[in-house]
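Scroll down for the structure; my scribbles are underneath it.
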Amino acid sequence: MEAVKRFFSSPRFAVAGASNDSHKFGYKLLAWYHQHSLPVTPLNPRAPSIQLSPSHSYDTVASPRLLSSPSQTSLSVVTPPAVTLPLLQEAHSVGIPAVWLQPGTFDNAVLDFARSHFEAVIAGDGGRGSEGWCVLVDGEEGLEAAGVNWASQRL
Numbered sequence: 007m008e009a010v011k012r013f014f015s016s017p018r019f020a021v022a023g024a025s026n027d028s029h030k031f032g033y034k035l036l037a038w039y040h041q042h043s044l045p046v047t048p049l050n051p052r053a054p055s056i057q058l059s060p061s062h063s064y065d066t067v068a069s070p071r072l073l074s075s076p077s078q079t080s081l082s083v084v085t086p087p088a089v090t091l092p093l094l095q096e097a098h099s100v101g102i103p104a105v106w107l108q109p110g111t112f113d114n115a116v117l118d119f120a121r122s123h124f125e126a127v128i129a130g131d132g133g134r135g136s137e138g139w140c141v142l143v144d145g146e147e148g149l150e151a152a153g154v155n156w157a158s159q160r161l
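Quick note on the numbering used here: the sequence shown kicks off at 7 and runs consecutively.
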């Protein structure tokens, strides 16, 4: 739980793999941050913005190096392992301190890199879900553990 507390102690968040498709986890994860009133930036190299609802749109950035304050940003990842490893290498190079690797986003090479290059890594076995640590399942408990005040919104 210490890694989760560290992750949520960041003043900013980003979602790599954010999507405009409401059926994809990249959309659901971005919506979770929005619903909890957390400052979040979607990462998507192909879409200029992510539309959560008719009244809520977020401008995207193409990569971690384009975040406004990467050293103050925790990164949630919803990309396939082949995309995740170079993404984490860039994230580390710009000073991102903490990453949350959603189920299905990592393999052993990704885990090895993440665990040796970031202050906090949430991934793999654990959490309350059957597939391991997931922001959608474990995020609210993590926010509470980190002492983050949040207010849920409706989209």
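Ideal Cβ positions, reconstructed from N, Cα and C, are used throughout, including at glycine.
Beta-bridge pairing of residue i - partner residues as DSSP gives them
{"i": "Y64", "result": "I56"}
{"i": "F19", "result": "V46 and S80"}
{"i": "V127", "result": "V105"}
Beta-carbon spacing of residue i, residue j below 7 Å
{"i": "T90", "j": "T66", "result": "no"}
{"i": "G2", "j": "V143", "result": "Coverage of the chain is limited to positions 7 through 161, which leaves residue 2 absent and any answer about it impossible."}
{"i": "V10", "j": "G148", "result": "yes"}
{"i": "T79", "j": "R18", "result": "yes"}
{"i": "V21", "j": "S61", "result": "no"}
{"i": "G101", "j": "S77", "result": "yes"}
{"i": "E137", "j": "P92", "result": "no"}
{"i": "F13", "j": "A126", "result": "yes"}
{"i": "A120", "j": "M7", "result": "no"}
Supposed contact pair residue j and residue i - C-beta distance, whole angstroms, cut 8 Å
{"i": "A129", "j": "L117", "result": "6 Å"}
{"i": "P51", "j": "L36", "result": "At roughly 15 Å, the Cβ-Cβ gap does not stay under 8 Å, so P51 and L36 are not in contact."}
{"i": "I56", "j": "A88", "result": "That belief does not hold up - the Cβ atoms of I56 and A88 are roughly 22 Å apart, past 8 Å."}
{"i": "H40", "j": "L58", "result": "6 Å"}
- Task: Could you tell me whether the stretch 63-80 touches the stretch 93-100, using the rule of 3 or more Cβ pairs below 8 Å?
- Result: Cβ pair count under 8 Å is three or more, so yes.
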